[in-house]
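Under the working numbering, the letters of the sequence shown match residues 286 to 996, in that order.
By construction, the Cβ of each residue, glycine as well, lies at the ideal position given by its N, Cα and C atoms.
Predicted, not measured: the structure shown is a model, and the values here were computed from it.
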Amino acid sequence: MAPRRTPSVWMALGMCSGISTAFLLHPDPGTYAMVLVTSLFLLAVSLYRLPASLCRLTASLFPIPAGIHRKRPLWPRMFMGAAFLAFFAFGGWSASQRLPTNQPRHYIHFPADTNTSWQVRLSQRLRPTPYSLRWVGVVERRQGEPAQGKILVQLPPDTPQKGWKPADVLIIRGQAEPFPEPLNPHQFDYGRYMRSLGIAGRIRPVHNGVFHFPSGARGIAEHAGRLRHRVLGLLENTRFGAETNGMLQALILGERSGLDPGLYRAYQEAGAVHLLAVSGLHVGIFAGLAGWLFWPLRRLKRGKWLHFLAGLLLLWCYAALAGFGPSVVRASVMCSFLSYAVLLNRRGDSLHFLALAALIMLGLLDPLWLFQAGFQMSFAAVWAILSLYPFCIRKWPFKRGIGKKIGQLLCVSGCAQLGVLPVSLYYFHQFPLLFWVSNLLLVPLMGMVIASGFLLLLLALTASVPPWLPGPAEAFFATFNQLVHILGGQGKFLLTGIPWDGIQLAASLLALAAFGKYTETLRIRWLGYAGILLVAVQVQDLLSTLQSAQTQEWLVPHRYGQSALLIRQGRELSLCTTTAGEFEGLVRDFSTGERIGKVSIAPLYPAYVLGGRRFLHIDGSGNYNPGGGAPAYLLLTGSPKIHLGRVLDELRPGVVIADGSNYSSFIRRWETSCRERGIPFHDTAVQGAYRSPMARLASVRSPSGASSGVP
């Protein structure tokens, strides 16, 4: 839609650009402040008549068209440019203020010490792992002095948590540290993900270093967090089964920690995982129920306003109960604007409401939401529905009856899937072909499922669940989940391992925007732009594939307690290990990121010739063949009980590599031996995978006579 018709869209794009610049480039906040002042001045000039003397002065300082003060006080192009610049500066300034580097009292600026005392106020409980219990907290004090910043609290799995609630205070003795960098290529960057949530580091307490103090909630967010925590506890204490409780928590409250991992995977493979996210569908059903509940208020004086305000209050109470996630806040903001437009009997522009929701969420609530996949996919899906659905439904041949209903459902789901496709491929590298079938079968049932969930939630809150109800409720949800399992079990309809980089993401999003412009204007040039951008996506894929085919390298990955060697020749990868199953995820991520077409498995031999250079491997047995000359690389695995100093004096290797299968005490001793002899030492647990290019691969013979080359 043209910026002149919907200026809020243009302003939202400016704010998103400013936030992205602040997060990626980290400019000084003062720069944004200067740009903001300049843009506000230009906005004032473009909106109002000014004296000729002032116009001449401003024209000498800024590129303002001459005669701006004479006839037309409003210059649309200048106004839109200045508005874009103003929201760009405001978004960048707001985001930069939230960056830890610009917060002097943020805990990352204090020296690291394991005996430091921290006062942390809990805000959210996360799904526990086999190794730790996790909470998100806000640092309030360090050693009694004021401090700030969101932090991830990782507690031992045997830590008693009975009675812990959001807003409670923990006194923790331990060290706050940044998240470790990924140790393997194309591994999920957990630290970057947490930083996008505003969490810059973690704290792990020393033994008996945690003290819990109950505390009262402060502010709306903490009261909402406590209410949500209480509701989740009530659901867990009902007579419903674990699967039903998990479904209720996910469908109604957006809490997926209690959901069975196999069931969640089935939703993903069926292309129906969006049904588990509290978003527009859930908010729309809840708003409809609230409107029906408060309909009698319309009979009173000013009843329409009372009906509107009561529904709005209940809607935002539900948003608070659902955790104020990006998708539920977006849906609640849009629903609020739409209800207000209906109250005033005004025909609102849905894209305008969508842009206003983005401005409110990013400008007033949290600019870092922009980098969350849920925020991006939620807005992409709604934009695609609003922009593409009218065009698609006009092309649908059936205009009445059941054919029209099916067409509406197919068009909505197809547009939404098309909108999230670029973002989904970038983050998850998979595409479910059954999404149309899933939406056609499951979405009509979601109204009944969500309404039933709200009823069960209300009964759980009032502690009035009839003794006969859990059985039918569990049977109903089990039937629905069984249908999801059937759809998700069709593995051949799930495309996985699709490589999709940042350039392809940007080009595909621009192509989608150009196609949306074509559906609005029906001008063929926009369709041509979309086609050119899609060709650019294919060209980028072709160039990346050609580059992958010309790359030859080997690497020693890091995996705790395991050993492997990856040898890559073009688009073929050889995994040399005796425990291939332990490296399945690592190889999958590496193959997707590097566009590997074929993976083979071979044993990890004692010796190789990699790119014309000898590679020697000493495993836990400690046996090795000193013949064949000095190795360029020496790999130590399985904590071999050897005197490394003597081995180094005998072999004189170029580089010594220790992987994750070795004891840390052995690694420290080996590092000292290498440092004394001036030999480079690489510890994969600290420095990550060892990666080296090579020109060619040759075979050698192991001491046992077996070929140590890779077939």
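Exercise. CA-CA distance, A351 and G376?
Worked result: Low local confidence applies: a pLDDT of 45 at A351 is under 50, so the model's placement there is unreliable, and no value is given.
Exercise. Would L742 pass as a contact of I436 if the rule is Cβ separation under 8 Å?
Worked result: no
Exercise. When you compare only the Cα positions, how much space is there between N530 and E540?
Worked result: 10 Å
Problem set entry | Short Cβ contact (8 Å threshold) for L860 with I886 | yes
Problem set entry | Top-ranked residue by Cα proximity to L566, from T804, P729 and L772 | The shortest C-alpha separation from L566 is found at P729.
For this session: Would you mind working out which of R685, H714, P888 and N724 sits nearest P699, comparing C-alpha positions?
Result: One point to set straight first is that residue 699 is Gly, not Pro, in the sequence displayed. With distances taken between Cα atoms, G699 lies closest to N724.
Exercise. Can you tell me the Cα-Cα spacing of M363 and L327, whole angstroms?
Worked result: 8 Å
Exercise. Does the Cβ-Cβ distance between F716 and L795 come in under 8 Å?
Worked result: no
Exercise. Thinking C-beta only, is W577 closer than 8 Å to H592?
Worked result: no
Exercise. In chain order, which beta strand (DSSP E) runs of at least 3 residues are fully inside the segment 903-963?
Worked result: 918-921 and 940-943
For this session: Sort out for me which residues DSSP pairs F660 with in a bridge.
Result: None, per the DSSP bridge assignment.
For this session: Could you tell me whether the segment 741-758 touches the segment 515-526, using the rule of 3 or more Cβ pairs below 8 Å?
Result: yes
Problem set entry | Residue from L889, F622, G476 and G912 whose Cα sits closest to the Cα of S276 | Because residue 276 is not part of the residues shown, which for the chain are 286 to 996, the question remains open.
Exercise. Considering only the beta carbon of each residue, do A701 and A666 sit closer than 8 Å?
Worked result: Cβ distance < 8 Å, so A701 and A666 count as in contact.
For this session: State the start and end residues of the unbroken beta strand (DSSP E) segment that holds A461.
Result: For A461, the uninterrupted beta strand (DSSP E) segment begins and ends at V454 to P463.
Problem set entry | Three-state class that DSSP yields for D874 in the structure shown | helix
For this session: Name the residue from P611, L599 and G610 whose alpha carbon lies nearest to the alpha carbon of S621.
Result: L599
Problem set entry | Nearest-angstrom Cβ-Cβ length linking M646 and V614, presumed shorter than 8 Å | 6 Å
Exercise. Anyone know if the C-beta pair for R503 and P451 falls short of 8 Å?
Worked result: No, Cβ-Cβ distance for R503 and P451 is not below 8 Å.
Problem set entry | Pick from G813, L644 and V627 that is closest to M296, judged by C-alpha positions | L644
For this session: Per DSSP, which residues does G504 bridge with? Please list them.
Result: In DSSP, G504 forms no bridge with anything.
Exercise. Which residues in the same chain as L744 place their Cβ atom closer than 6 Å to its Cβ, once the five residues preceding and following it in sequence are excluded?
Worked result: V750
Exercise. So does the segment 939-946 actually touch the segment 916-930, counting three or more Cβ pairs closer than 8 Å?
Worked result: In the pairwise beta carbon analysis, the segment 939-946 is classified as touching the segment 916-930: at least three pairs are separated by under 8 Å.
For this session: Could you tell me if R357 is buried or exposed, where buried requires 16 or more neighbouring beta carbons within 10 angstroms of its beta carbon?
Result: Caution is warranted here: a pLDDT of 45 is assigned to R357, below 50, making its placement in the model unreliable, and the coordinate value is therefore given only provisionally. Answer is exposed; the Cβ neighbour count stays below 16.
Exercise. V495 bridges to which residues according to DSSP?
Worked result: I457
For this session: Sort A595, I304 and E805 by Cα distance to Y674 and report the nearest one.
Result: When C-alpha distances from Y674 are compared across A595, I304 and E805, the shortest belongs to E805.
Exercise. Between L418 and the rest of its own chain, which residues show a CB-CB distance below 7 Å, the 5 nearest in sequence each way excluded?
Worked result: Setting aside the 5 residues that flank it on each side, L418 is surrounded in the same chain by L440, P442, T444 and Q446, each with a C-beta closer than 7 Å to its C-beta; the list follows chain order.
Problem set entry | Between the CA atoms of I670 and W681 - distance to the nearest angstrom | 15 Å
For this session: Note the first and the last residue of the continuous beta strand (DSSP E) segment covering P978.
Result: In the DSSP assignment, P978 falls within the beta strand (DSSP E) that extends over Y975 to P978.
Exercise. Does the count of Cβ pairs from the segment 678-693 and the segment 809-827 closer than 8 Å reach three?
Worked result: no
Exercise. Going by Cα to Cα distance, which pick from L851, G870, D934 and R856 is closest to F900?
Worked result: L851
Exercise. Cα separation between W654 and L482?
Worked result: 7 Å
Exercise. Between which two residues does the alpha helix (DSSP H) harbouring Y712 extend?
Worked result: G686 to F713
Exercise. How about V421 and S402: do their beta carbons lie closer than 8 Å?
Worked result: no
Exercise. Whose CA, out of G896, K926, R898 and A917, lies closest to the CA of N908?
Worked result: K926
Problem set entry | Inter-residue spacing [alpha-carbon to alpha-carbon] between S984 and G963 | Caution applies to S984, whose pLDDT of 44 falls short of 50 and renders its modelled position unreliable; the model cannot decide the point.
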